[in-house]
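Undergrad: In our numbering, the protein residues as written are 3 to 160.
For glycine and all other residues, C-beta sits at the position ideal for the given N, C-alpha and C.
Below is a structure I'd like to ask you about.
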């Protein structure tokens, strides 16, 4: 709810309103000081003077906030402009990359084929080397299946 109030309700109020509020409140505060010397208006002046002072402070505070929001909006617009430029550069780079990949596709496929040929040639050697499993690994595997613990915990020494 607060976000709605700040961004939409206060964000749609024109920036000139805040200095106008502060200036108008100062004028009312000044005239309240003047009419406080008249006995028939002194009671009203005591009521109006603090309200005008609060309105003046509110106008000054909100005008400062409007300035910060204006700087923030300018930064957002600048960042969006930089992002658009970077997006255009990325599209151009992606297009150049796709052209380079299309031109070099036969080289890429040839290297992939070469790697497949090497793997097929060394398949028996790779399978033979991977089939060797250490006997300690088989013992640990069997202990894990039986849930008998490890060599260190059970005190087995080999």
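What would DSSP say about residue 147, mapped onto helix, strand or coil?
TA: Residue state, collapsed to three classes: helix.
Undergrad: For the region 10 to 57, list the alpha helix (DSSP H) runs that are entirely contained and at least 4 residues long, ordered along the chain.
TA: The qualifying runs are 19 to 37.
Undergrad: Could you work out which residue in 65, 31, 63, 61 is closest to residue 50 when comparing CA atoms only?
TA: Closest by alpha carbon: 31.
Undergrad: In three-state terms, what does DSSP make of residue 142?
TA: Helix at residue 142.
Undergrad: Throw me the rounded Cβ distance for the residue 20 and residue 65 pair, which I believe falls under 8 Å.
TA: With 8 Å as the limit, residue 20 and residue 65 qualify as a contact, their Cβ atoms being about 4 Å apart.
Undergrad: Can the beta-carbon of residue 34 be found closer than 8 Å to that of residue 47?
TA: Yes, they are a contact pair.
Undergrad: Using DSSP with H/G/I as helix, E/B as strand and the rest coil, what is residue 125?
TA: It is helical.
Undergrad: State the DSSP-derived secondary structure class of residue 106, mapped to helix, strand or coil.
TA: Correct three-state label for residue 106: coil.
Undergrad: For residue 92 and residue 99, I'd like the C-alpha separation in whole angstroms.
TA: Rounded to the nearest angstrom, the two C-alpha atoms are 10 Å apart.
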